[in-house]
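Written out below as C-alpha cells is the structure these notes cover.
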Amino acid sequence: MTKPRTVTLTTADHGPVTLPEPSWCIGHPHHDPDTVRADLAHTGEDIILKFRGRPIASACLDQAPHADVASREVRVSVSLLGQALDARGLYELAADLDTYADRLRDLADSLLVIRAEGDL
Ligand SMILES: [Zn+2]
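When we follow our numbering, the leftmost residue of the sequence shown carries the number 1, and every step to the right adds one.
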C-alpha cells in the first residue's frame, strides 16, 4: 500500500500547512510563502487553446482546500470566464463553444459567398 502524497507549504498566517497532494496536481514549484492558507491551491496541467500559435485561453483543474469564499471542491478554472466551473458548467460551456464554432463556419461561408459575388 502506497502512502498518500502530501505537500507542506509555508503560509503567512498559519506557518507550514501540510495538505494531501492530489495525483492531478502539478506541484508547487513557485509557491510564495506570503500566501495565506485560504489561497493555497492545487493546480492541474493547463489545457491551452491557441490560434496561429498565440494562446487565447486556458483551463485547468483547480482546488483551494481551505478557501474562505470560493468552493473547496475540485473545479476547472477557465481563463475565458475568469471563473471555475463544475462538470455541468463545463459541459454547458463546451456546448456553447460548439455552437459558436458552427456560427464562425457559417460566417466564413457567408464571407466566401459575398466575396464571390463581389458584394464588398
Ligand atoms: Zn498541489
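Just so you know, even glycine gets a beta-carbon here, dropped at the ideal spot from N, CA and C.
Query: Sub-8 Å separation of Ser-79 and Ala-64 beta-carbons; Result: no
Query: Meets three-Cβ-pair contact criterion under 8 Å: the stretch 42 to 50 and the stretch 18 to 27; Result: yes
Query: Check: His-42 C-beta below 7 Å from any heavy atom of ligand 1; Result: yes
Query: The stretch 9 to 20 contacting the stretch 30 to 37, beta-carbon criterion three pairs below 8 Å; Result: yes
Query: Residue from Asp-13, Leu-40, Gly-15, Asp-106 whose Cα sits closest to the Cα of Glu-21; Result: Leu-40
Query: Which residues DSSP lists as bridging His-42, in chain order; Result: Gln-63
Query: In chain order, each alpha helix (DSSP H) run of at least 4 residues that lies wholly inside the stretch 74 to 118; Result: 87 to 116
Query: Under the three-state DSSP convention, the category Arg-37 falls into; Result: helix
Query: Leu-76 vs Leu-61 beta-carbon contact at 8 Å; Result: Per the sequence presented here, residue 76 reads as Val, with Leu not at that position. Taking 8 Å as the Cβ cut-off, Val-76 and Leu-61 qualify as a contacting pair.
Query: Beta-bridge pairing of Lys-50 - partner residues as DSSP gives them; Result: Pro-55
Query: Rounded distance between the beta-carbons of Arg-37 and Asp-13, thought under 8 Å; Result: 6 Å
Query: Rounded C-alpha distance that separates Ala-59 from Val-74; Result: 13 Å
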